[in-house]
Structures are given as structure tokens and as C-alpha cells.
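Asks:
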Amino acid sequence: MTRQVLYLDFDGVLHPSPVYRHPRRGMYFGVSHQHHTLFENAQVLQDALAPYPQLAIVLSTSWVRVLGYSRAKAYLPEELRQRVIGATFHSRLNKMEFDAMTRGAQVLADARRRGVTQWLAIDDDNDGWLSAAESHLVLTDENLGLANPESVTELVAKLKKFN
Numbered sequence: 500m501t502r503q504v505l506y507l508d509f510d511g512v513l514h515p516s517p518v519y520r521h522p523r524r525g526m527y528f529g530v531s532h533q534h535h536t537l538f539e540n541a542q543v544l545q546d547a548l549a550p551y552p553q554l555a556i557v558l559s560t561s562w563v564r565v566l567g568y569s570r571a572k573a574y575l576p577e578e579l580r581q582r583v584i585g586a587t588f589h590s591r592l593n594k595m596e597f598d599a600m601t602r603g604a605q606v607l608a609d610a611r612r613r614g615v616t617q618w619l620a621i622d623d624d625n626d627g628w629l630s631a632a633e634s635h636l637v638l639t640d641e642n643l644g645l646a647n648p649e650s651v652t653e654l655v656a657k658l659k660k661f662n
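Just so you know, this note's numbering puts 652 at position 153 of the sequence shown, and the rest follows in order with no gaps.
1. Can leucine 505 and leucine 619 be called in contact, C-beta distance under 8 Å?
2. When the cut-off is 8 Å and only beta carbons count, does valine 563 lie next to chain D?
3. Relative to the C-alpha of glutamate 577, which residue among Ala586, Lys594, Tyr551, Gln542 is closest?
4. Would you mind working out which of Asn540, Asp546, Arg582 sits nearest glutamine 553, comparing C-alpha positions?
5. Find the nearest neighbour of leucine 537 within the set Tyr551, Val518, Asp546, judged by alpha-carbon distance.
6. For a test of the three-state rule: what should DSSP assign to histidine 514, helix, strand or coil?
7. Measuring alpha carbon to alpha carbon, tell me which residue in Val565, Asn540, Ser569 is nearest methionine 526.
8. If you reduce the DSSP assignment to three classes, tell me which class tryptophan 618 lands in.
9. Counting pairs of Cβ atoms below 8 Å between the region 626-637 and the region 584-604, do you hit three or more?
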């Protein structure tokens, strides 16, 4: 049985992009998004995924490269964190090769590696998505993410095709 997977970006999906990292203060928004909170759209994603308990999450966020897998995963609410089975980046990969790949190529390579055929990606980056894979992408606006009802509607419609 092939596992159903959602490739999840953080910035521009679960909260506005960009997010910065300070060595002592951690992750934060710049002045343009200072009234927002990190992961403010997480509940929207939890609600959309609720009818699909079998759906696993693979982190496709740059947070994994910056913070490491465990620390990036720990930022998610528990309900989402329980679904996470890995990340597109891991220590066995060549960092320079991985960084040279587009987000679309990173996700496609991971899906092939895992043998996943039923998958979706939520991302605000549409770079490198081959036309055959575009149907798997829910492209969000970097400032709205899942706060945009149109993105949520598209996500729910694509999830329904999994059943």
C-alpha cells in the first residue's frame, strides 16, 4: 500500500513569508509582517486534513536545512507533528546538490525515493514544478498562505481525489 503524503512548506503557507532567524531570539517576522504570528494558519491545515487520518506529512521547508529536522518539526502543533514522517532534506544528501535543486525537483526526488504515488505539495514557490507534477501542487500566496480561502478550497478538492 502506498502511503499518501503531503509535502509541507512553512513560510508562505502556515504563515506569511519571509521569516528570519536570529541566533538568540529564534525565528521572527520582519517589519512588514510584525502583526502576524508563526504558524497562524496551522489550524486551517489541521481542519482540512482531519478527514484523512492516513495522510502523512513530509517537510519540504527550508527550516529543516536551517534548524535541523527535529527542531523544525517541533514548531508544528502536536496534531500536525504526529503526521510527520520525514523531510525532503536529510543528512545523507549532498547539501550543495540539494540546494541547487528547485523546490519542485526536491519534492519530486523525494516522492520517487519514497515510492509515493499519491501526494500533494503546499508551497508558495512554483519554481521547478514539471508540468506533470503541477497538478500535485497547491500554490499559495506568500503573504496569505492558507489564510486565502481559495487555496484552502483547492487543497480540499485535491485531497478528495485521494479517496
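For glycine and all other residues, C-beta sits at the position ideal for the given N, C-alpha and C.
Replies: Short version:
1. Translated into positions along the sequence shown, residue 505 becomes position 6. Translated into positions along the sequence shown, residue 619 becomes position 120. Yes, the pair counts as a contact, with Cβ atoms nearer than the cut-off.
2. Here there is only one protein chain, and chain D is not present.
3. Start at 1 with the first residue of the sequence shown, and residue 577 comes out as number 78. The residue with the shortest Cα to Cα distance from glutamate 577 is Gln542.
4. On the sequence shown, residue 553 is found 54 positions in, with the first residue counted as 1. If we check each option's Cα against that of glutamine 553, Arg582 comes out closest.
5. Sequence index remark: in the sequence shown, residue 537 carries index 38 (1-based). That would be Val518, whose Cα lies nearest to the Cα of leucine 537.
6. For this step, residue 514 is matched to residue 15 along the sequence shown. The three-state secondary structure of histidine 514, taken from DSSP, is strand.
7. As a position in the sequence shown, residue 526 is number 27, starting the count at 1. The residue with the shortest Cα to Cα distance from methionine 526 is Val565.
8. Walking along the sequence shown from the start, residue 618 turns up at place 119. Residue state, collapsed to three classes: strand.
9. Output reads yes: the region 584-604 touches the region 626-637.
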